[in-house]
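Visitor: For the sequence shown, our numbering gives the first residue as 391, with consecutive numbering after it.
Built from N, CA and C at the ideal position, the CB exists for glycine as well.
Nothing here was measured: the structure is a model prediction, and the numbers come from that model.
Sharing a structure with you now.
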Amino acid sequence: MIDFGFGLSRSSAVRLDEVDLTLYRKLEAIEPGVRICMSCGSCSSTCTAGPWTGMSVRKVILALQRGQDVAPMLKGCMLCGKCSMVCPRGINTRHLILSLCRLYEEKK
Ligand code: SF4
Ligand code: SF4
């Protein structure tokens, strides 16, 4: 990638060899289903809290794979489980969110 030193908007490029995937790897060990997410967005489109809080399981998974902090987004989840019912890959997204919250608690 060529860096000209300026730009109209902040670059959204992710340098995968530099990101910290510790949290994602820990989640992957507990919830292997996270690997088969295909980012279809069905979970996000059905999310009860999404329109008001910005919660999105799809975004959470993508952000984790980029080593980003998702704790603020998780606060919007009401653990209703609707997202789990629509996932075409059968991922238990509700349980995945719970496991992720526990990992954040352990980090404190
Ligand atoms: S469990 Fe959380 S992420 Fe899933 S639909 Fe309910 S509020 Fe949204
Ligand atoms: S519905 Fe399932 S496969 Fe689709 S983005 Fe959500 S977790 Fe991933």
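1. Cutting at 7 angstroms between CB atoms, please list the residues of its own chain near threonine 443, excluding the five before and the five after it.
2. Which value, in whole angstroms, describes the spacing of the CA atoms of aspartate 459 and lysine 497?
3. Does the beta-carbon of arginine 405 have 16 or more other beta-carbons within 10 angstroms, so that it is buried, or is it exposed?
4. Given the structure, does valine 476 come close to ligand 1, in the sense that its CB is under 6 angstroms from one of the ligand's heavy atoms?
5. Starting from the C-beta of valine 450, find all residues in its chain whose C-beta is less than 8 angstroms away, skip the five residues before and the five after it, and write them out in chain order.
6. On the three-state DSSP scale, how would you describe methionine 463?
7. Looking at ligand 1, does it come within less than 6 angstroms of arginine 484, judged from the CB to the closest heavy atom?
8. Below 8 angstroms on the Cβ atoms is my guess for leucine 469 versus arginine 484; work out the distance and round it to an integer in Å.
9. Within a Cβ cutoff of 8 angstroms, which residues of the same chain sit near lysine 416, ignoring the five residues on either side of it in sequence?
10. Decide if cysteine 430 is buried, meaning its Cβ has at least 16 other Cβ atoms within 10 Å, or exposed.
11. Determine the closest residue to serine 434 out of Leu398, Gly471, Ile426 and Gly457, with distance taken between C-alpha atoms.
Guide: Straight from the coordinates:
1. Here the question's residue 443 lines up with position 53 in the sequence shown. Taken in chain order, the residues that qualify are Gly466.
2. By one-based count along the sequence shown, residue 459 stands at place 69. By one-based count along the sequence shown, residue 497 stands at place 107. Using only the alpha carbons, I get a separation of about 12 angstroms.
3. Reading the sequence shown from its first residue, position 15 is the one you call residue 405. Burial call: exposed.
4. Sequence index remark: in the sequence shown, residue 476 carries index 86 (1-based). Valine 476: no, Cβ never under 6 angstroms from ligand 1.
5. Numbered from 1 along the sequence shown, position 60 holds the residue referred to as residue 450. Excluding sequence neighbours, valine 450 sits near Val460, Met463, Leu464, Ile487 and Leu490.
6. Taking the first residue of the sequence shown as 1, we reach residue 463 at position 73. Helix.
7. Start at 1 with the first residue of the sequence shown, and residue 484 comes out as number 94. Checking every heavy atom of ligand 1 against the Cβ of arginine 484, one is found closer than 6 angstroms.
8. Here residue 469 corresponds to residue number 79 of the sequence shown, with the count starting at 1. Here residue 484 corresponds to residue number 94 of the sequence shown, with the count starting at 1. Going by Cβ atoms, the distance from leucine 469 to arginine 484 rounds to 6 angstroms, so yes, they are a contact pair.
9. On the sequence shown, residue 416 is found 26 positions in, with the first residue counted as 1. For lysine 416, where only same-chain residues beyond five positions count, the Cβ hits under 8 angstroms are Leu493.
10. Here the question's residue 430 lines up with position 40 in the sequence shown. It is exposed - the Cβ of cysteine 430 has fewer than 16 other Cβ atoms within 10 Å.
11. For this step, residue 434 is matched to residue 44 along the sequence shown. Cα-wise, what sits closest to serine 434 is Gly471.
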